[in-house]
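Peer 1: Here the sequence shown is numbered in this note's numbering, starting from 3 and rising by one per residue. Beta carbons are placed, not taken as given, at the ideal position from N, Cα and C, and that holds for glycine.
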Amino acid sequence: MPETSHPFYSLLSDKDEVPSSEQLLPRSMSPRSSRSCSRTAFFWTTALNIVFLTSGILFFLEAPASGVISYYSQLFNLSSEEAMQYQGHPTAEITAAWDSITDDVRPMRIPMEMLPLVNTKDDGTLVKFSEEDGGGVMASIGVLHQLHCVVVPAEELRGHLGMLSNFQSQDTSSRLTPSFYHCVELLRQTISCAGDVTVLTYRWHGDKPHPNFDKIHQCRRFDDILDWALEHAVHIPASHILRNTTAIGSH
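1. Is the separation between the beta-carbon of tyrosine 183 and that of glutamine 89 shorter than 7 Å?
2. Residues in the same chain with beta-carbon distance under 6 Å from isoleucine 143, minus the five sequence neighbours each way, listed in chain order, please.
3. With DSSP run on the structure shown, which of helix, strand or coil describes alanine 65?
4. Reducing DSSP to helix, strand and coil, say where alanine 231 ends up.
5. From the DSSP output, which residues share a beta bridge with proline 109?
6. Out of Arg108, Val120 and Val129, which has the shortest C-alpha to C-alpha gap to tryptophan 206?
7. Check for me: the beta strand (DSSP E) holding alanine 141 runs from which residue to which?
8. Distance, Cα to Cα, isoleucine 227 vs methionine 140?
9. Does the Cβ-Cβ distance between valine 154 and arginine 190 come in under 7 Å?
10. In terms of alpha-carbon separation, which member of Gly197, His234 and Gly208 lies closest to valine 70?
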């Protein structure tokens with residue numbers, strides 16, 4: 003894993019001219035009292051900087067891919083050209099699109115000495131690479147497995163429907179409505195948006211490598227969100243909801 007340096011930055015360069023503390027003080031405040039306030043402010047500022055810097059470094063060590071994270075605003079659109087690449091009954095193109103963000107992404111390597119930094123202990127069950135292949139342990143990042151966990155149930159459902167079609171005259175795959183594919187696509191966009199870069203190592207389960215999902219995540223309390231939604235829910239008969247029959251796309 004390449005080493006990443008973390009330069010420290012200052013908001014002011016050595017060439018910047020800074021007014022003296024006395025010039026910045028109100029006339030009613032003496033330099034002596036200002037020095038006491040300055041020491042207190044300096045202490046708390048330094049303490050907070052240490053906390054933020056330490057937490058940032060620890061997050062980077064536990065999630066090396068955090069160094070490539072950038073943020074942008076994205077409109078969730080289930081009918082965009084990009085979204086349609088992942089929706090519908092499997093074709094070669096749709097399968098290739100899903101494979102490109104799941105199965106085609108090969109595992110990465112974590113050096114043995116880095117295991118403590120990703121909160122992992124070598125208990126003898128870790129999946130390792132041979133020294134001939136560079137050593138270290140097999141690992142991946144959370145978002146890829148979460149996307150994989152969207153694909154698997156969809157494939158399982160289609161498989162069961164395919165088995166039913168062998169005993170029926172009609173193609174049961176037609177039972178999968180557009181709502182099914184929209185839900186799958188919404189999950190894909192949501193997971194991609196969150197972009198979880200938590201490092202997941204692999205352990206042997208029988209003769210197969212299996213990702214270890216037992217990792218600490220920073221979460222929003224869902225129970226509080228659910229309580230808020232229940233508190234603000236509107237309870238009226240469905241027939242009382244006003245419908246705009248002239249709206250585009252109305253049925």
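Peer 2: On the basis of the data shown:
1. Closer than 7 Å, so yes.
2. Cβ within range, chain order: Ala67 and Val199.
3. The three-state secondary structure of alanine 65, taken from DSSP, is coil.
4. Alanine 231 falls in the helix class under three-state DSSP.
5. Note: proline 109 sits in no beta bridge, so no partner.
6. The option with the nearest alpha carbon to tryptophan 206 is Val129.
7. Segment 139 to 143, the beta strand (DSSP E) holding alanine 141.
8. When rounded, the distance between both Cα atoms is 36 Å.
9. Cβ atoms of valine 154 and arginine 190: not closer than 7 Å.
10. The option with the nearest alpha carbon to valine 70 is Gly197.
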